[in-house]
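Each position in the sequence shown, counted from 1, maps to that position plus 863 in the working numbering. Idealized CB from N, CA, C, for every residue including glycine.
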Amino acid sequence: MKYISTRDNKKTYNFIDTFLNGLAHDGGLYIPKKIPRLSHTNLKRLSKLNYNNLAYEIIKIYTGNTFSKNELKKIITNSYKKFDSKNVVKFSRVKKFNLVELYHGPTFAFKDIAMQVIGNMYETILSKSKNRINLITATSGDTGAAAIDAVKNKKNLRIFVLHPSGKVSITQRKLMTTVNTKNVFNIAVKGTFDDCQTLVKSMFNDLQFRRSINMSGVNSINWARIVVQIVYYFYSHFRLSKKNKKSVFSVPTGNFGDIYAGYIAYKMGLPISKLIIATNENDLLYKFLRNGIYKPSKVKFSISPSMDIQVASNFERLISSYYDNNSKKISELMKQLSSKGFYKIDKNILRKIKNIFYSKSVNAENTKKTIKSVYKYNNKILDPHSSVGLKALEEYYLNHSKKSENLFCLETAHPAKFGETIYKILKKIPKISGEISKNLKKKEFYKVLPNNLNKIKNYIRANRLHC
Ligand SMILES: *Cc1c(COP(=O)(O)O)cnc(C)c1O
864 MKYISTRDNK KTYNFIDTFL NGLAHDGGLY IPKKIPRLSH TNLKRLSKLN
914 YNNLAYEIIK IYTGNTFSKN ELKKIITNSY KKFDSKNVVK FSRVKKFNLV
964 ELYHGPTFAF KDIAMQVIGN MYETILSKSK NRINLITATS GDTGAAAIDA
1014 VKNKKNLRIF VLHPSGKVSI TQRKLMTTVN TKNVFNIAVK GTFDDCQTLV
1064 KSMFNDLQFR RSINMSGVNS INWARIVVQI VYYFYSHFRL SKKNKKSVFS
1114 VPTGNFGDIY AGYIAYKMGL PISKLIIATN ENDLLYKFLR NGIYKPSKVK
1164 FSISPSMDIQ VASNFERLIS SYYDNNSKKI SELMKQLSSK GFYKIDKNIL
1214 RKIKNIFYSK SVNAENTKKT IKSVYKYNNK ILDPHSSVGL KALEEYYLNH
1264 SKKSENLFCL ETAHPAKFGE TIYKILKKIP KISGEISKNL KKKEFYKVLP
1314 NNLNKIKNYI RANRLHC
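What follows is the structure, encoded as structure tokens:
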């Protein structure tokens, strides 16, 4: 498998480059030169596998010979033995809708599914190469916790996590800051998630700084995360689809990483008829699907904070795919984005995108109503992000569904992660397992810093692992 950058389709890279670099040196994102399409026979064979074996087959396609068969099998088994579901995900049903519970990992959000694998990939690669690295990542709340759990106590690496101060839930924060190991550093930035993301991007684009600390990243732009997330689209369709029906997936969306993995599954030949971009009040992708204009604005704070994002980083990958990886065109669009604050795509491309994508923006009132109704009629507590997804799916079903589709909604977090919000809506506190709630009472460690690139770089320099 060869990779290129969205902004330069001449130079090729292998998996390990995309994995360790995160962001390409030209500022673009890594994408496969060609996405392989699976034959009918192949799909049939995969449909019989359990989760871990399916993960092995899919991940193997993209990692090539980076890992031996045994190494990759071990990475997957070790990653998922911490999950409280034998097949990583669980399913439940609300009316006509299948909910895919993706939150059975150690930090209760879907990000554990990819991050645990990534942590073990780092360990395997670093132990073979004798390299040492410093990971830097921005989080809107869940990535940080998942990344920290995945790498705490691992040798040869340190992690620095930037979260927007005061803008993540208490449980989200404590899952990060109560981890007291020598290789974990939490930074509370006085700014928004987009500010944190911009800071990390600037550090990535400062090649001298990047080299001096041997920097790597686990943000949702890391190609490996996308690869690992492809698996549950296949698994869900294989387990629950009814004969010959195509599947619809509604995906609570922020940085466009999760739903982009669904798009890759579709390109690989999984029979998907719609991918629903479910957003909260940060509706730039909903607007994009109406007029073809991608225009970030100011972040609106919502009750689904992990989706309070105005720069959907992975979207560049999707646009690149629809422009047949024409990196000149993509570079132009991205230049427009930074100079004018927006770009507009061609009408015929927008039409093609709309064949497979649909979007709905769900406000706080409807998010709350959905939580109440699902609790009342199905005795299930949805977290606010998943509620946005379910409401969008319901809307699609009532107005657009062809009736003969399998309807899936991805449940991206456990409600206990957003206990304060759920309590306000249901007057009930979602349960969290005993051991974890004990951990959350421990002392917190974090450094508050201003939204200032130099100050943050200095802090990282002073605490980095020397390479
Ligand atoms: C990260 C996150 C999302 C958004 O996923 P993207 O891949 O960034 O689109 C949605 N819900 C929850 C709970 C998350 O943690």
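Any heavy atom of ligand 1 closer than 7 Å to the beta-carbon of residue 1121?
It does: the Cβ of residue 1121 is within 7 Å (strictly closer) of some heavy atom of ligand 1.
Let's test the definition: count the other Cβ atoms within 10 Å of the Cβ of residue 1221 and tell me whether it reaches 16, buried, or not, exposed.
Buried, because 16 or more other Cβ atoms sit within 10 Å of the Cβ of residue 1221.
Tell me whether residue 1211 sits in a helix, a strand or coil according to DSSP, three-state version.
The answer is helix: DSSP assigns residue 1211 an H, G or I state.
In chain order, which continuous runs of the alpha helix (DSSP H) of length 4 or greater are located wholly inside the stretch 1006 to 1091?
Within the stretch 1006 to 1091, the complete alpha helix (DSSP H) runs of at least 4 residues are 1033 to 1040, 1056 to 1068 and 1070 to 1075.
Any chance the CB of residue 1223 is under 7 Å from a heavy atom of ligand 1?
For ligand 1, not one heavy atom lies less than 7 Å from the Cβ of residue 1223.
Does DSSP put residue 956 in a helix, a strand or coil?
In this structure, residue 956 counts as strand in the three-state DSSP scheme.
Would residue 996 and residue 1077 be called neighbours here (beta carbons separated by less than 8 Å)?
Yes.
In the DSSP assignment, the beta strand (DSSP E) including residue 998 goes from what residue to what residue?
Looking at the DSSP string, the run of the beta strand (DSSP E) that includes residue 998 is 996 to 1001.
Helix, strand or coil: how does DSSP classify residue 1307 here?
It is coil, neither helix nor strand.
At a cut-off of 7 Å, would you count residue 1118 as near ligand 1, judging by its Cβ distance to the nearest heavy atom?
Yes - ligand 1 has a heavy atom lying nearer than 7 Å to the Cβ of residue 1118.
Say the cut is 7 Å; is the CB of residue 1128 nearer than that to a heavy atom of ligand 1?
Residue 1128 Cβ: outside cutoff for every heavy atom of ligand 1.
From which residue to which residue does the beta strand (DSSP E) around residue 1141 run?
Note, residue 1141: beta strand (DSSP E), 1135 to 1142.
What is the DSSP secondary structure of residue 925, reduced to helix, strand or coil?
Note: residue 925 maps to helix in three-state DSSP.
Any heavy atom of ligand 3 closer than 7 Å to the beta-carbon of residue 1099?
The model on display carries ligand 1 but not ligand 3.
Any heavy atom of ligand 1 closer than 7 Å to the beta-carbon of residue 1115?
Result yes, Cβ under 7 Å from ligand 1.
Which whole-angstrom value describes the C-beta separation of residue 1125 and residue 1138, a residue pair presumed to lie in contact below a C-beta threshold of 8 Å?
Confirmed, Cβ separation roughly 5 Å.
Would you mind working out which of 1318, 1021, 922 and 1148 sits nearest residue 994, comparing C-alpha positions?
Nearest option by C-alpha distance: 1021.
So, with DSSP's three-state summary, where would you put residue 1276?
Three-state result, residue 1276: strand.
What's the gap between the Cα of residue 951 and the Cα of residue 967?
Distance between the alpha carbons of residue 951 and residue 967: 7 Å.
Below 8 Å between beta carbons: does that hold for residue 1273 and residue 973?
Cβ atoms of residue 1273 and residue 973: closer than 8 Å.
Does the Cβ of residue 1313 have 16 or more other Cβ atoms within 10 Å, making it buried, or fewer, making it exposed?
So residue 1313 counts as exposed.
Does residue 1311 pass the burial test, meaning 16 or more other C-beta atoms within 10 Å, or should it be called exposed?
Exposed, because fewer than 16 other Cβ atoms sit within 10 Å of the Cβ of residue 1311.
Per DSSP, what kind of secondary structure is residue 941 in: helix, strand or coil?
Residue state, collapsed to three classes: helix.
Beta strand (DSSP E) containing residue 875: first to last residue?
Element bounds for residue 875: 871 to 876.
Report yes if the C-beta distance between residue 1183 and residue 894 is below 8 Å; otherwise report no.
Yes; because the gap between Cβ atoms is below 8 Å, this pair is in contact.
Could you give the C-beta distance for residue 1149 and residue 1223, rounded to a whole number, given that I count them as a contact under 8 Å?
So it is a contact: roughly 7 Å between Cβ atoms.
Alpha carbon to alpha carbon, how far is residue 1058 from residue 1027?
Using only the alpha carbons, I get a separation of about 8 Å.
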